[in-house]
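First the structure, in the form of structure tokens, and then the observations on it.
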Amino acid sequence: MIHKPDDMSQKPLRVRRLTDIEGRQLQQIVRRGGGKTDRSIVNWRRSMVVLASVGGNTVEAIARLVQTSPDRVREMIHRFDEMGMVSLDPRWAGGRPRRITTDDETFIVKTATARPESAGLPFARWSIRKLADYLAKNEHRQVVIGRERLRELLGDNDITFWHTKTWKELNDPLRDEKLDRIDEVLESHLDRRFAFDEFGPLGIHAVKGSSWSQKTKPQRLRANYRKLSGVRQFHGCYSIVDDKLFGTVREKKGEANTLAALKQIRSMRLDGKQIYVILDNLSAHRGEKIHNWCTKNNIELCFTPTHSSWANSSVSSDHCASLCWATQTIRTTPCSSGRSTPILPGETQMRNIPM
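Counting from 12, one number per residue, gives the positions in the sequence shown under my numbering.
Now the structure itself:
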């Protein structure tokens, strides 16, 4: 755009009023001189234009002072009015134009962190070669990029090559319905809520003891490597309103042991009114005998969705494990012969401990 020379009938173009900070910075630049680099020289010339305009000089006079055209002086003044001190620094675009835009980079990162199966590809993980080929030929957004540049770009975004971990996908068609029912039970039926889960298998092994002995010479017991007592399963129950976790050590899981645990829960409310038990959908929890007994004794089983054990966080494996070790239900006790005698199943029935 070509500007006409200033007319005497019009008000001369002049830079806006400077702030105290801007005035001091411009003075320092002009007094310091142009310097040795091209950037400092351009900065000095633009500062001269602004200070000369502040002093009331016309555009033509400023153009003769800095040896440029009047149009360029007008452009500098307008840019300073809009941008301030930032307009004094030159912004040269060095090198060739950028081929990978910010949107392209975002698309590359999103594609690299997604599973190839989501893009309809018949492999489970990306390699640099496969990712570069897909980016150059996909239908959504074509990005042509070299392998080494792609590797650098992923590194700049903190994306590295990791081994995948196993995971489970929620495939229960009644997922939302089950979760809604659990939420309703937890919110409405305050004193009738229980949770149930198993923890195991637990191995029978000796627990370290303590005693007074000479330094660096602890007392030692003969190790017992023959484990003839098998394993145990801990059936844990939690009364949500009472905040009490109790349970029984049993030899194995199964429909009979699940029914025994439900009878323990039923004994916590002897009034015969409806109670609600939250538990996962293990096959040992869904037998016909269990269903008939629960219907007869006013117990509603609220099953969590498949692979959603977090929905029953009130009594998880961590809670059961804490109770097992806190009460020492799974341990062995050394006897006078030096051998270990395991505690038998059922010795800790209905042991209530506030958690």
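In this text, a Cβ means the ideal position worked out from N, Cα and C, and glycines have one as well.
No experiment lies behind these values; they were computed from the predicted model shown.
With a Cβ-Cβ cutoff of 9 Å, do residue i and residue j count as a contact?
i, j, result
"residue 190", "residue 316", "yes"
"residue 53", "residue 29", "no"
"residue 309", "residue 286", "yes"
"residue 186", "residue 319", "yes"
"residue 88", "residue 164", "no"
"residue 41", "residue 62", "yes"
"residue 291", "residue 257", "no"
"residue 262", "residue 301", "no"
"residue 175", "residue 140", "no"
"residue 114", "residue 27", "no"
"residue 276", "residue 197", "no"
"residue 33", "residue 95", "yes"
"residue 161", "residue 132", "no"
Tell me, please, which residues DSSP counts as bridged to residue i.
i, result
"residue 289", "206, 313"
"residue 214", "242"
Considering only the alpha carbon of each residue, which of the options lies closest to residue i?
i, options, result
"residue 7", "81, 277, 306, 134", "Given a span of 12 to 366 for the chain in the structure shown, any question on residue 7 remains unanswerable."
"residue 166", "63, 220, 119", "119"
"residue 304", "282, 323, 294, 271", "271"
"residue 322", "210, 171, 192, 228", "192"
"residue 144", "291, 256, 51, 157", "157"
"residue 295", "280, 281, 282, 312", "312"
"residue 253", "146, 227, 280", "280"
"residue 213", "51, 240, 223", "240"
"residue 168", "274, 116, 233", "116"
"residue 22", "35, 114, 68", "68"
"residue 210", "183, 146, 223, 293", "293"
"residue 170", "195, 138, 74, 147", "138"
"residue 9", "172, 255, 298", "Examination of residue 9 is not possible in this model, given that the chain is present from 12 through 366 alone."
"residue 243", "260, 233, 232", "260"
"residue 233", "220, 225, 283, 76", "220"
"residue 109", "155, 79, 282", "155"
Output the boundary residues of the beta strand (DSSP E) element that contains residue i.
i, result
"residue 255", "255–261"
"residue 247", "242–250"
Could you pull the start and end residues of the alpha helix (DSSP H) that residue i belongs to?
i, result
"residue 117", "113–124"
"residue 34", "31–43"
"residue 307", "299–307"
"residue 161", "158–167"
"residue 155", "Unbroken run through residue 155: none, as it is neither H nor E."
"residue 73", "70–77"
"residue 84", "81–94"
"residue 130", "Counting along the chain, residue 130 falls outside any alpha helix (DSSP H), and DSSP gives it neither H nor E."
"residue 268", "266–277"
"residue 139", "139–148"
"residue 190", "186–199"
Check whether the stretch 86–103 touches the stretch 52–71, counting contact only when three or more Cβ pairs, one atom from each stretch, lie closer than 8 Å. yes
Is the stretch 240–257 in contact with the stretch 201–210, if contact means three or more CB pairs nearer than 8 Å? yes
How do the stretch 116–131 and the stretch 143–160 stand: do at least 3 beta-carbon pairs fall below 8 Å, yes or no? yes
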